[in-house]
Amino acid sequence: MAQKKNLFNIVKKRFLKSETKRGEGLKKNILGLLALRGVDVGISYLRFPLTLRFLGTELHGVWLTVGGIINWFGFFNIGLGTGLRNKLAEAFAQKDTKLARSYVSSTYAIISMISFLMLILLIIGALTLNWPKIVAISDSYEGMLVSTLLIVFSFFAIRFVLKLIGIILVADQRPALSQMLQSISSVLFFIGIWIALKYRIMFGSLVVVGVLSSGSVLMVQAIASIILFSGRYKKIRPSIRYVDWHKFRSLASVGIQFFIVQISVIVMFSTDNIIISQITGPSDVVPYNVARKFFGITEMLFMIVLEPFWSAFTQAFVKKEFRWIRKSINQLLVLWGISVLGSLIMLALSGWVYRIWIGELVKVPFHLSVLMMLFFTIKTWNNIFVYLINGVGKIRLQLYMSIIIALINIPVSVFFAKHMGMGSGGVILGTILCLAFGAVLHPIQYKKIINGTARGIWNQ
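Each residue of the sequence shown is one higher than the one before, starting from 281 at the first, in the numbering used here.
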């Protein structure tokens, strides 16, 4: 905690010395994010065994796989979310309400069109593809699976548009409030699955879980949009009159490279469940996700501290405050070292924690826990340098590297999982090896940028 406090004081001293309100806002948001994400983690850990008991191991593995597929499409806004966040923040800073409303209205219009086209494709896919084969489950579940997909896909298409309210909150320097919407959704989902399990409502049905999971998010986003656009954001609420199709280029230019990187990341991080289902069966998806949830705590806590540094690095780079950047990176590396120590302690206690959390429902092999710990250790290391690189806009190397890694991740994971007989452990090992490229190249690029020696692709 002392280290986090030190990091916050550095940001406050360097960037907030003449802006007390901004400093207090940053502090409140960090504390708010810590509290709310703590709630999210607690709820997700309580909900996991309830959902597992409600569905059973096989169907729960199928649900996790379907959730991974849905997550792929969550980034199909071609970078418009990132573009809106940056452009809207600029409009807020300039107090240009008309420009802000134009950006909001244009983004809602474009995203709505993308959402409609995506919904058509998703419905066609739900009705025509052989989903039992895709998720490696008996054909007897086909009717339930297709019904679940139709519901989840339809809800997702609407949420795809409504989630823009969260981006508006972040652009208005209110990330904790945006996080609160997610936390409320998590609590509602937990209450719903608890009631369904207690009263055995359509017990063992994917449809119930699909409605509760997607419906809770949709309801919260819809209510939040109505309240905020009727109150605080009334002057910038979307309107057809303010749609400017020329804004598309301006919005997309900011986020298109990040969009490509995001797609590559989706391929690398979200195909694991499908690979495991195909090679060893959907039941093995569950222990993989148990280990991932457990060791993911370290990443979540680390990212809460790291998130404010993206824009801080941008300001420091523009002002050529390289000494502050070096000192901040060093502080973050110390924090990373502390997180590694925490991960080792978690590894030592993992078997005991699994027994208390999941009981005898799932067995998590120790080697899988070791590999998952290593995965998050490398991922958080990379994020320290990626946030600096993203903040200064030098992402061309990251872009090319992400594309290459996305192409080789699946075959490498399949090789270890299937041909080397490592199962789910082989899948995460393949991802670890792909992350190793960034673990070496990102620090090199950081040093080149900060020392003024970056040339060519290192400086693009």
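Each residue gets a CB set at the ideal place from its N, CA and C atoms; glycine is no exception.
By the Cβ rule, the stretch 702-717 counts as touching the stretch 635-652, because three or more pairs are nearer than 8 angstroms. Between Gly-312 and Ile-464, the alpha-carbon positions lie close to 14 angstroms from each other. Two segments are said to touch when three or more pairs of C-beta atoms, one from each, lie closer than 8 angstroms; by this definition the stretch 492-507 touches the stretch 435-447.
A Cβ-Cβ separation of about 5 angstroms places Ser-466 in contact with Asp-320 under the 8 angstroms criterion.
Straight across, the Cα-Cα distance linking Leu-407 with Leu-401 is about 10 angstroms.
Contact holds between the stretch 379-389 and the stretch 519-538, because three or more Cβ pairs, one in each stretch, are under 8 angstroms apart. With a cut-off of 8 angstroms on Cβ pairs, the stretch 568-588 is in contact with the stretch 652-661, counting three or more such pairs. In the DSSP assignment, Asn-662 falls within the alpha helix (DSSP H) that extends over 646-671.
Where Phe-483 is concerned, there is no enclosing alpha helix (DSSP H), because DSSP gives it neither an H nor an E.
Counting along the chain, the unbroken alpha helix (DSSP H) around Thr-408 starts and ends at 377-408. In the structure shown, Leu-621 falls within a helical segment according to DSSP collapsed to helix, strand and coil. Going by DSSP, Asp-552 is part of the alpha helix (DSSP H) stretching over 552-560. Rounded to whole angstroms, Ile-609 and Gln-678 show a C-alpha spacing of 19 angstroms. Here Gly-363 is buried: its Cβ has 16 or more other Cβ atoms, across all protein chains shown, within 10 Å. With a cutoff of 9 angstroms on beta-carbon distance, Thr-711 and Ser-682 are scored as not near each other. Burial state of Asp-552 is buried, judged by a 10 Å Cβ sphere holding 16 or more other Cβ atoms. For Tyr-421, no alpha helix (DSSP H) segment is defined, and its DSSP state is neither H nor E.
Between the alpha carbons of Trp-604 and Met-548 lies a gap of roughly 33 angstroms. Between Ser-550 and Ala-416, the gap from beta carbon to beta carbon reaches 9 angstroms or more.
Per the coordinates, the alpha-carbon of Ala-369 lies some 5 angstroms from the alpha-carbon of Ala-451.
The C-beta of Glu-640 has fewer than 16 other C-beta atoms within 10 Å across all chains shown, which makes the residue exposed.
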